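What follows is a short report on a single structure.
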Amino acid sequence: MWIDFLTHPCQSPATTWALGVSMNRGVISSNTIFLIGNAASFTWLARMRCAGIRITELRCRISRGGCIHSLCGTRIGDRWKRRPMPERLLIIKWGALGDVVLATSHLETVISHFPDHECWLLTAPDYAPLFEHHPRLRVKAFPRRGAAVMWKAAQWVRAMRFEQIFDFQGSERSAFLTWISGAPLRAGMGFRLPYTHSIHFQGYEREHIFDRLNRLLLHVGLPEADPNPILHLPTDEIVRAEAWLRKKQLVPGSFVIQHAGSSVRWLSKRWPAEYFAVLAERLQERGLTTVWVGSGEDLDLNRFLSSRTGVDATDAFGVTELCAVARHARLAIVNDSGPMHLLSTAAIPVYAFFGPTDWRKSHAVGQKERVLIGNAECSPCHLEICPAKRAHKCLRGITPEYVLGRIEADGLLAPAADSIRVTQGGSCPSRSLESGIH
């Protein structure tokens, strides 16, 4: 369909519509509009798009009395309709793994509050698989570093025209993307400039990140998130996890997951490997097999530990498959690391060691009573490598006997009520979960 604009210098700004016929390319067409007005009439271009016309070509030719601008556009249906554009919102959470898992409850709160919105998450490529099977969330992954990456991310954010942006990351990069988005509502943490709604850190230096995000939600007018991190697992991964348990002859409730590693940058977070081995042997004496989990970085460590006792499951699962396996474990024992938060989504007890870092700011949600800390006066020091003169007192002071006592005091060393032997080809029953993975 063609739309003709005749701009005349003598015409008033008022625009007159004449719905009918006009001559274009020598052809009489009843599907065109002859519009008379001056140059101010071009304000109607935007209105044409809203009316349901997709403009595909613009031409200009001199005519008696003015200049005719011809627009070639496609009309939608028999009537001109405003094509509804979905309202979009964006949540930014790049990392790291533990922080992404912590934010899942807040993400669910935001999504549930905007049932008619198209909801997007901007995260790092490593964490995109965590949300692949979310029923309402679309994921866009960009690496966290690099000027070229930031340029592409900025272009994407601008093009999407989000109505609301929730910056759960709180970094300079995420603040920049929030600022250039042009969204009417921009919520975030820290300095005010990029945001329409922001919270400050002063006076909250030891605030847990979960509580900080709740404070942001309240500031925007949303309810607090439930303290239950949530991941959506596909059926095929649950089936693979159960098949792996049958292969290893592990009965639900008869094994413990232990993660003895940590980031290679934070060696000071690791409870001594010898202590992990001794604890696993004590648990084996009580009928609980240890499954050693970790990434390729933990290969040598887990090979040593599994040579003492237990099953080596290094790199055996992806992050979501690990959650599926953890649903059947009696409990988990870990260092302060990403898997600590990941395992907490399985609704099992998670015991975590804290030494150089402040447990009050980063313990797994819902696991506060299972934090394991020593009495070293230098803790927390926030040092990635412990100085030799301190001899790692913060974690070496926590003995395997003490940990075993804590587990026993919590009543977790009694025989599992649902322990049944899984035969080859049989099914692996799931224990009921009060909350967690859906």
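The opening position of the sequence shown corresponds to residue 1476 in the working numbering, with each subsequent residue numbered one higher.
Virtual Cβ for every residue (Gly too), placed ideally from N, Cα, C.
All values reported here derive from a predicted model rather than from experimental measurement.
Beta-carbon proximity check, residue i vs residue j, cutoff 8 Å
i: GLU1772; j: ALA1716; result: no
i: PRO1824; j: SER1743; result: no
i: PHE1617; j: ALA1634; result: no
i: GLY1665; j: GLY1678; result: no
i: SER1812; j: PRO1704; result: no
i: PRO1604; j: VAL1794; result: yes
i: ALA1799; j: ILE1713; result: yes
i: PHE1751; j: ALA1804; result: no
i: VAL1809; j: HIS1734; result: yes
i: SER1781; j: ASP1701; result: no
i: THR1764; j: LEU1817; result: no
i: ARG1619; j: ALA1599; result: yes
i: ALA1622; j: GLN1639; result: no
i: GLY1880; j: ASN1850; result: no
i: ILE1860; j: ALA1801; result: no
i: ILE1567; j: PHE1685; result: no
i: PHE1828; j: TRP1741; result: no
i: LYS1723; j: VAL1786; result: yes
i: PHE1676; j: VAL1585; result: no
i: LEU1888; j: ARG1761; result: yes
Strand pairing of residue i, partner residues [DSSP]
i: VAL1726; result: The partner list for VAL1726 (beta bridge, DSSP) is empty, contrary to what the question assumes.
i: TYR1826; result: ILE1808
i: SER1673; result: GLY1663
i: ASP1773; result: Per DSSP, none; premise fails for ASP1773.
i: LEU1565; result: TRP1595 and ILE1640
i: HIS1734; result: VAL1809
Distance between beta carbons of residue j and residue i, contact taken as under 8 Å
i: GLU1756; j: ARG1783; result: 6 Å
i: VAL1840; j: LEU1596; result: VAL1840 to LEU1596, Cβ: 19 Å. No contact.
i: LEU1688; j: ALA1662; result: Wrong, their Cβ atoms sit about 10 Å apart, outside the cutoff.
i: LEU1697; j: PHE1637; result: In fact, because the Cβ distance is near 17 Å, the residues do not count as touching under 8 Å.
i: LYS1836; j: GLU1682; result: 7 Å
i: HIS1857; j: VAL1846; result: Contact doesn't hold; Cβ gap of about 17 Å is too wide.
i: LEU1652; j: VAL1632; result: 5 Å
i: HIS1707; j: HIS1608; result: 5 Å
i: VAL1878; j: LEU1754; result: 6 Å
i: PRO1855; j: ASP1885; result: Contact flag wrong, Cβ pair sits at about 25 Å.
i: LEU1806; j: ILE1882; result: 7 Å
i: ASP1601; j: GLU1562; result: Rounded, the Cβ-Cβ distance is 29 Å, inconsistent with contact.
i: ALA1748; j: VAL1766; result: At roughly 16 Å, the Cβ-Cβ gap does not stay under 8 Å, so ALA1748 and VAL1766 are not in contact.
i: MET1815; j: GLY1570; result: Not a contact, Cβ separation roughly 15 Å.
Run of the beta strand (DSSP E) containing residue i, from where it starts to where it stops
i: ARG1613; result: 1612 to 1616
i: ALA1788; result: 1786 to 1789
i: VAL1846; result: 1846 to 1848
Test: residue i CB closer than 8 Å to a CB of chain C
i: PRO1561; result: Among the protein chains of the structure shown there is no chain C, as only one such chain exists.
Residue range of the alpha helix (DSSP H) that includes residue i
i: GLY1769; result: Element bounds for GLY1769: not the alpha helix (DSSP H) but the beta strand (DSSP E), 1764 to 1769.
i: VAL1753; result: 1748 to 1760
i: THR1579; result: 1579 to 1588
i: ARG1835; result: 1834 to 1837
i: PRO1704; result: No alpha helix (DSSP H) holds PRO1704; DSSP gives it neither H nor E.
i: ASP1686; result: 1684 to 1695
i: GLU1883; result: 1875 to 1884
i: LEU1870; result: 1868 to 1871
i: CYS1798; result: 1794 to 1801
Segments of 3+ residues assigned as beta strand (DSSP E) that fall wholly inside the stretch 1627 to 1665
1639 to 1642 and 1660 to 1664
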